[in-house]
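Residue numbers (the working numbering): 8 to 253. Every residue gets a Cβ at the ideal spot worked out from N, C-alpha and C, and that includes glycine.
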C-alpha cells in the first residue's frame, strides 16, 4: 500500500468513527444492574514485564487521544491484566477465556517469547487485539450472554484498526516506513496493512472515495460492509475455523 493511500485510509477511518458493536457500560443480567467499571476489584496491577506495561500504557493513551468509546472499560480492567511471556504454538498472543485460567480479577494474556525482541509499538498492536478479548470476557460474565466467536474476533481486529488510527504522527510514520519495505517481516505491521486494505475496500464499496460530507446512510453502509468483510476474513482463516469450531 502506498504511503499516500495509507494516509487517506487512516483519515477516512477517523472520520467514519462509529460503534462497531453497541457497547454499554452498564448491562442488566437478571434483576439488578451490574457495572462493568466495578468488575475488577484489584487496587494494584499485576507485575508485568516493563515492555508490556509500556505497551498497555501506550494503548490507553492513544485511546484517550482518540476519545475511544471503550476507554473507560479498558481502564477499569487494567489492574486485572496479567500479561506474561509464554512459549505459544501457533499464536503470537492469546487471551485465556477458560475460567480455569481467567477470572474478573485475573485476566490472563500470554505473548509468545519471540516478542521479547520486538519494539513497544509492535507489541501494542498485538495487545490491542488481546485486550479486546479481555473486555469481551468481562462483558460476557456481566451480561450472562455468550458472544459469537466470529463476531468477537472481528471486533478485536476492528479495535486494532482503531488503535492504528489513533497513533501520533511519528508513530504513524514509523508504521508506514516499515510497511513499505519489501523486506518487512513484522507480522503486526503486515496484519495492520491488510486490515486497512479491507477498510479501503469497504470505503470503495460504499462509494465514499473523495466524499467530504458523509451521511448517516453512508456511515451505516460502511459499518455494515466493513463488519461483514472482517467476519469473512475470520471465517476464511483456517486457524479461526479451528478455534471457532466451524
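Residue i CB to nearest chain D CB: under 8 Å?
i	result
residue 122	Any reference to chain D falls outside this structure, which holds one protein chain only.
Should residue i go down as buried or exposed, given a rule of 16 or more other Cβ atoms within 10 Å for buried?
i	result
residue 229	buried
residue 216	exposed
residue 235	exposed
residue 130	buried
residue 63	buried
residue 227	exposed
residue 37	Because residue 37 carries a pLDDT of 38, less than 50, the predicted location of this residue cannot be relied on, and the following value inherits that uncertainty. By the neighbour-count rule (16 or more Cβ atoms within 10 Å), residue 37 is not buried but exposed.
residue 35	The pLDDT assigned to residue 35 is 33, lower than 50, so where the model puts this residue is not dependable; a value taken from the coordinates is nonetheless given after this. Label assigned to residue 35: exposed.
residue 176	exposed
residue 211	exposed
Would you call the CB atoms of residue i and residue j closer than 8 Å?
i	j	result
residue 84	residue 142	yes
residue 160	residue 247	yes
residue 196	residue 218	no
residue 135	residue 92	no
residue 73	residue 169	yes
residue 86	residue 51	yes
Could you say which of the options lies nearest to residue i if we only look at CA atoms?
i	options	result
residue 164	186, 192, 199	199
residue 109	47, 59, 168	47
residue 88	102, 79, 78, 98	102
residue 157	237, 76, 51, 61	237
residue 97	172, 169, 194, 124	194
residue 167	132, 244, 149	132
residue 208	128, 240, 52, 60	240
residue 117	100, 105, 128	100
residue 173	128, 220, 95	128
residue 59	214, 138, 153, 90	90
Looking at the secondary structure, which residues open and close the alpha helix (DSSP H) in which residue i lies?
i	result
residue 117	Looking at the DSSP string, residue 117 is not in any alpha helix (DSSP H); the run it does join, the beta strand (DSSP E), is 114-119.
residue 46	Neither: residue 46 is in no alpha helix (DSSP H) and is coded neither H nor E.
residue 127	127-150
residue 57	57-72
residue 246	245-250
residue 83	78-84
Taking the beta strand (DSSP E) that residue i falls in, what are its first and last residues?
i	result
residue 89	88-93
residue 100	100-102
In chain order, each alpha helix (DSSP H) run of at least 4 residues that lies wholly inside the region 170-241: 176-186, 194-212
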